[in-house]
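A.B. asks:
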Amino acid sequence: MSAATITVLPGDGVGPEVTDQALAVLRAVEETYGHRFTVHRRRVGLDAIAAEGTAISDSTFEVCGQSDAILFGAIGSLPPGTGRGAGPRPEEALFRLRKEFGFFANLRPVRPLEALYGASSLKPEHLKGADLLFVRELSAGLYYGRLESVPGKPSEIRRAPHGTEAVDTLLYTEEEIERVVRAAFEIALRRERKVTSVDKANVLSSSVLWREVVERVAAEHPTVAYEHMLVDACAMRLIRTPSEFDVVVTENLFGDILTDEASMLTGSIGMLPSASLGTRRTAAGTFGLYEPIHGSAPDIAGRDRANPVGAILSGAMLLRHSLGLAREAAAVEEAVEAVIGEGLRTPDLVEPGSTVVGTREMGRRITDRVRSASA
Ligand code: IPM
Ligand code: MN
């Protein structure tokens with residue numbers, strides 16, 4: 001029996017709908033396998049700005065810090081250009097969680113299911129054997145640049161003698177690179193033992209340093225094959241020959257972009273889960289934040305159309321990484337595979353011959369499967 005505390009931050013748009021299904025699956029695991037999960041639900045993003053005046057309140061932050069894991073839905077955004085410099089922005093919640101809890105490694109597995117080959121924009125022969133794990137650096141880089149002129153401020157739009165200008169800075173310390181690269185090599189030891197490090201070393205100084213660090217860490221892992229790849233080439237090869245990749249490690253913004261691209265291998269961005277991890281330990285694993293990689297999709301919010309699988313698989317990652325429940329995590333992943341294998345599809349994945357269901361029905365079928373599989 002495991003006892004654990006989970007803070008749930010459903011957020012905005014489709015966040016609450018998909019998180020409800022992920023939580024239902026976790027509740028099924030709790031009952032079926034005899035664990036005890038204490039759940040705290042708090043506001044985040046636009047929801048929190050409206051109710052509490054800030055994207056994430058200090059008290060919510062504290063509750064997160066006292067938990068074993070955070071289950072996160074999605075946060076909305078203000079229309080680009082609005083709210084600049086003025087009021088709080090919803091994304092600040094994520095940035096603060098990632099930074100202050102030291103979640104520097106964002107794991108994003110991409111494993112196209114055979115039953116969904118037809119839903120992908122790639123031909124099936126290109127998808128065969130594709131099984132990637134992105135390790136996206138999550139707590140530095142352009143998202144957290146440092147202005148020499150204004151310490152603590154990552155970027156700004158400012159008036160200059162020649163007119164208005166904007167600045168973002170891409171800064172990585174050796175230590176910030178090393179800890180995420182090391183994480184990638186260690187994960188590779190438990191997979192196919194291959195690391196692709198993605199950078200733009202023909203242009204960026206931060207990438208030149210990144211390569212140096214990779215060389216050094218690689219020398220300590222002689223059984224892991226590794227390569228450097230420029231990010232533009234990587235964007236192409238992900239679509240041409242995705243099966244050549246195993247672990248892909250890269251800086252924050254490159255990882256953000258490449259994983260949206262890679263999600264198309266699986267048929268829908270709604271399929272992809274993620275785990276954001278640092279070094280803090282829980283009783284049986286590592287403290288982490290778990291969220292689908294998709295956004296708040298306001299256009300379909302509240303209409304029972306969102307794909308809950310990315311959120312549900314994020315719950316599986318939570319079980320594995322933060323609660324040390326590998327068998328239960330595998331049971332959830334198998335349940336997803338089985339239900340998809342039966343032809344059930346949310347509207348993002350419709351193919352000829354498939355049965356279209358809503359968010360809730362998809363969640364219920366997976367939940368039922370988790371319960372019956374252990375019987
Ligand atoms: C993600 C999202 C976020 C990011 C946004 C919401 C700020 O796209 O988690 O991939 O860019 O990191
Ligand atoms: Mn993204």
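The sequence shown begins at 1 in our numbering and counts up by one. In this text, a Cβ means the ideal position worked out from N, Cα and C, and glycines have one as well. Here the structure is a predicted model, which is why all the values come from computation and not from measurement.
Using the DSSP secondary-structure output, state which residues sit across from I6 in a beta bridge.
C.D. replies: DSSP, once it has assigned bridges, lists V39 and A69 as partnering I6.
A.B. asks: Is D12 near ligand 2 - that is, is its Cβ less than 8 Å away from at least one heavy atom of it?
C.D. replies: Result no, Cβ not under 8 Å from ligand 2.
A.B. asks: Apart from the five residues on each side of it in sequence, which residues of its chain come closer than 8 Å, Cβ to Cβ, to E261?
C.D. replies: A235, L238 and I239, listed in sequence order.
A.B. asks: Would you say Y144 touches ligand 1, meaning its beta carbon is less than 8 Å from a heavy atom?
C.D. replies: Outside the cutoff, so no.
A.B. asks: Contact between the region 106-120 and the region 210-221: three or more CB pairs below 8 Å?
C.D. replies: No, because fewer than three Cβ pairs between the region 106-120 and the region 210-221 fall closer than 8 Å, the two stretches do not touch.
A.B. asks: Closest to Y168 by C-alpha separation, out of E175, E174, G141 and E178, would be which residue?
C.D. replies: Checking the sequence, you will find Asp at residue 168 rather than Tyr. Nearest of E175, E174, G141 and E178 to D168, Cα basis: G141.
A.B. asks: What residue does the alpha helix (DSSP H) around T359 start on, and which one ends it?
C.D. replies: T359 to A373 is the span of the alpha helix (DSSP H), which, as asked, contains T359.
A.B. asks: As a quick exercise: from D12, D20, F37 and A24, pick the residue whose alpha carbon is nearest that of I6.
C.D. replies: Nearest C-alpha to I6: F37.
A.B. asks: Is it true that the CB of V247 sits closer than 9 Å to the CB of T279?
C.D. replies: Against a cut-off of 9 Å, the Cβ pair of V247 and T279 comes out as no contact.
A.B. asks: For the region 314-364, list the alpha helix (DSSP H) runs that are entirely contained and at least 4 residues long, ordered along the chain.
C.D. replies: The region 314-364 contains these whole alpha helix (DSSP H) runs: 326-341.
A.B. asks: Does DSSP put E148 in a helix, in a strand, or in coil?
C.D. replies: Of the three classes helix, strand and coil, the one that applies to E148 here is coil, per DSSP.
A.B. asks: With a threshold of 7 Å on Cβ separation, who are the neighbours of S298 within its own chain once the five nearest residues in sequence on each side are excluded?
C.D. replies: At residue 298 the sequence reads Pro, which differs from the Ser that was named. Cβ neighbours of P298 beyond the five flanking positions: G13 and G76.
A.B. asks: So, are the CB atoms of F177 and E137 less than 9 Å apart?
C.D. replies: It should be noted that the sequence gives Ile, not Phe, for residue 177. A contact, by the Cβ cut-off of 9 Å.
A.B. asks: Mapping DSSP to helix, strand and coil, what is L258?
C.D. replies: Three-state DSSP puts L258 in a helix.
A.B. asks: With a threshold of 16 other CB atoms inside 10 Å of the CB of R43, please say whether the residue is buried or exposed.
C.D. replies: Burial call: buried.
A.B. asks: So is the beta-carbon of G118 under 8 Å away from any non-hydrogen atom of ligand 1?
C.D. replies: Incorrect: G118 has no Cβ contact closer than 8 Å to ligand 1.
A.B. asks: When DSSP labels each residue in this structure, what does T164 get in the three-state scheme?
C.D. replies: Note: T164 maps to strand in three-state DSSP.
A.B. asks: Only counting the same chain, and skipping five residues up and downstream in sequence, which positions put a Cβ closer than 8 Å to that of A376?
C.D. replies: This structure leaves residue 376 out entirely; the chain is present only between 1 and 375.
A.B. asks: Under a three-way DSSP split, which group does R191 fall into?
C.D. replies: Coil at R191, not helix or strand.
A.B. asks: For R136, report the span of its beta strand (DSSP E) as first-last.
C.D. replies: Its beta strand (DSSP E) spans residues L132 to E137.
A.B. asks: Classify V247 as helix, strand or coil using the three-state DSSP reduction.
C.D. replies: Looking at V247 - three-state DSSP - the assignment turns out to be strand.
A.B. asks: Drop a sphere of 10 angstroms on the beta-carbon of M1, count the other beta-carbons inside from all chains shown, and report buried for 16 or more, exposed for fewer.
C.D. replies: M1 comes out exposed.
A.B. asks: Short of 8 Å in beta carbon distance, which residues of its chain neighbour T164, apart from the five on each side in sequence? Order them along the chain.
C.D. replies: Closer than 8 Å at Cβ, skipping near neighbours: I157 and R158.
A.B. asks: Residue range of the beta strand (DSSP E) that F287 falls in?
C.D. replies: Note, F287: beta strand (DSSP E), T286 to Y290.
A.B. asks: Sorted by chain position, which residues of the same chain lie with C-beta nearer than 6 Å to T282's C-beta, five sequence neighbours on each side aside?
C.D. replies: Once the five neighbours on either side are set aside, the close Cβ partners of T282 are D68 and S322.
A.B. asks: Who does Y143 pair with in a DSSP beta bridge?
C.D. replies: According to DSSP, which records beta bridges pairwise, Y143 is partnered with nothing at all.
A.B. asks: Mind checking whether P90 and G11 have CB atoms under 9 Å apart?
C.D. replies: Contact: yes.
A.B. asks: Kindly identify the DSSP beta-bridge partner or partners of M264.
C.D. replies: Per DSSP, none; premise fails for M264.
A.B. asks: Among G302, L23, A311 and P124, whose alpha-carbon lies nearest the alpha-carbon of G267?
C.D. replies: Selected option, being the one with the closest Cα: P124.
A.B. asks: Please report the residue range of the beta strand (DSSP E) in which H228 lies.
C.D. replies: Counting along the chain, the beta strand (DSSP E) containing H228 begins and ends at A225 to L230.
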